[in-house]
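Single-structure report; data block below.
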Amino acid sequence: MSWRECSRMFIPWLILTAWPLFDPSVGSTLLAQDHVAMVNAPVGFRVDVFAESLSSPRRMAFGPDGWLYVTESGTGRVLRLSDVDGDGRADTIASVLEGLDRPAGIAWHAGDLWVAESVRVIRVAVPLDSGPRFDITVVVDSLPDSGHSRHALLIDPAGRGFFLSIGSSCNLCIEDDGRRAKILRYNMDGSGEQVWASGLQNASSLAINPLSGELWATEPGRNWLGDDLPPDELNVIRRGGHYGWPYCYGARVPNPEYANQSRCDTTEPPILTFQAHSSPLGVTFYDGEMFPADYRGDVFVALHGSWNRSVQVGYKVVRLKVEAGRPVAVSDFLTGWVGEGRWVLGRPVQPLVGPDGALYVSDDYGGRIWRVVYEGG
174 MSWRECSRMF
184 IPWLILTAWP
194 LFDPSVGSTL
204 LAQDHVAMVN
214 APVGFRVDVF
224 AESLSSPRRM
234 AFGPDGWLYV
244 TESGTGRVLR
254 LSDVDGDGRA
264 DTIASVLEGL
274 DRPAGIAWHA
284 GDLWVAESVR
294 VIRVAVPLDS
304 GPRFDITVVV
314 DSLPDSGHSR
324 HALLIDPAGR
334 GFFLSIGSSC
344 NLCIEDDGRR
354 AKILRYNMDG
364 SGEQVWASGL
374 QNASSLAINP
384 LSGELWATEP
394 GRNWLGDDLP
404 PDELNVIRRG
414 GHYGWPYCYG
424 ARVPNPEYAN
434 QSRCDTTEPP
444 ILTFQAHSSP
454 LGVTFYDGEM
464 FPADYRGDVF
474 VALHGSWNRS
484 VQVGYKVVRL
494 KVEAGRPVAV
504 SDFLTGWVGE
514 GRWVLGRPVQ
524 PLVGPDGALY
534 VSDDYGGRIW
544 RVVYEGG
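This is how it looks when you write it as structure tokens:
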């Protein structure tokens, strides 16, 4: 990625995120407000802080011990959050792995903890009863670094292999590394690498539809086509499918830099689009028992929020109503992380359904894990 492209990406983000520090009126307003109370959910739901004062918590997975494990990309750690007294708040936060390189995707399989770092995938034997522990098996090594290097990791529910997203190195380019902008699939021992799908600038999150067995993926769109283009996407991933990037976006629309419709005619269109620059990240199907029955089988998506748009969008969790295996309606579920004056309270990364049926949401900007429960009403 060139210095010019890096600066165009980084400087607007720096201005956005640091704004409260340089605008006294905004900063004083923030300090005077009860941040936790500002996150809103529909009637009947309650939003609490499960854990706070974390350093850029990203992806989460519940372990076989019932506790929540979180990748903390700000420190290179994996944390275990335990709610021993059952009050809905983590009373013990332990570091179980340290010294990792930008850990992101995390999963459990057959009692082992799996973590996707920037250049490798590792497997760690449990129990992780005291940390830090470094009994690590490297499953995949020498992944392409730089650019979009926070890899989504998903283990096949049948345990026959795992999927790994490899993002692009740039906003728009022809990649030299054939693994870039793709979803790869491996055998459980790391062998048998194959391209499962391509043309995905950054498949930020992967999930299996529990009813159909389909692989779903979120994908934020490219930048620098203005406030409203291109739309961000939710895709159903088909083996061998091409999803457009860098030639096309959305429903087979050519990027102006290439302007070749024939390249787009056979690409896979998204099943749903979001407002440009919303930055959809984590996606999860609700399979718990706590929420009302009509939530079961629906999808939650975390919209991380815009950094290069004149008016901010995203910064919320949305619910996708699913019928016959496809989303038919989108509604806000959690809001309140962004407000007037360009202040930002948080940026949701991943929603995750807990064993208790509650919805847990990581927030890398606010350094929190949120917990949403249904109380009726």
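Each residue of the sequence shown is one higher than the one before, starting from 174 at the first, in our numbering.
No residue lacks a Cβ here, since even glycine has one placed at the ideal position from N, Cα and C.
Query: Skipping 5 residues on each side, what residues in its chain have a beta carbon closer than 6 Å to that of A390?; Result: A376, L379, N408 and I410
Query: DSSP state of M361, grouped into three classes?; Result: coil
Query: If you follow the alpha helix (DSSP H) that Q434 is in, where does it begin and where does it stop?; Result: Q434 to C437
Query: Once you ignore the five residues that flank H324 on each side, which residues in its own chain have a CB closer than 6 Å to its CB?; Result: A277, G278, A289, L337 and S338
Query: I think P524 touches G455, with their Cβ atoms under 8 Å apart; what is that distance to the nearest whole Å?; Result: 5 Å
Query: Since D405 and A449 are thought to touch, with beta carbons under 8 Å apart, how far apart are those beta carbons, to the nearest angstrom?; Result: 6 Å
Query: Report, in whole angstroms, the separation of the C-beta atoms of V251 and V222, which I expect to be a contact under 8 Å.; Result: 20 Å between Cβ atoms; not a contact.
Query: So, is D537 buried or exposed, given that buried needs 16 or more other C-beta atoms within 10 angstroms?; Result: buried
Query: Quick one, are the C-beta atoms of P317 and R293 less than 8 Å apart?; Result: no
Query: Does the beta-carbon distance from A224 to R541 come in below 8 Å?; Result: yes
Query: By Cβ distance below 6 Å, which residues in the same chain neighbour G363 in space, the five residues on each side in sequence not counted?; Result: V312 and V313
Query: Just curious, the beta strand (DSSP E) that G539 is in, first and last residue?; Result: Unbroken run through G539: none, as it is neither H nor E.
Query: Beta carbon of G114, beta carbon of G372: below 8 Å?; Result: The requested residue 114 does not occur in the structure, where the chain is confined to residues 174 to 550.
Query: What residue does the beta strand (DSSP E) around F235 start on, and which one ends it?; Result: P230 to F235
Query: What residues are listed by DSSP as bridge partners for Y242?; Result: A234 and R253
Query: Out of P230, P419, L532 and A475, state which residue places its alpha-carbon closest to the alpha-carbon of Y431.; Result: P419
Query: What's the C-alpha gap between R275 and E548?; Result: 37 Å
Query: In terms of DSSP beta bridges, what is I410 paired with?; Result: L388
Query: Grouping DSSP H, G and I as helix and E and B as strand, with all else coil, what is Y420?; Result: coil
Query: Identify the residues that DSSP records as bridge partners of S378: which are they?; Result: T391
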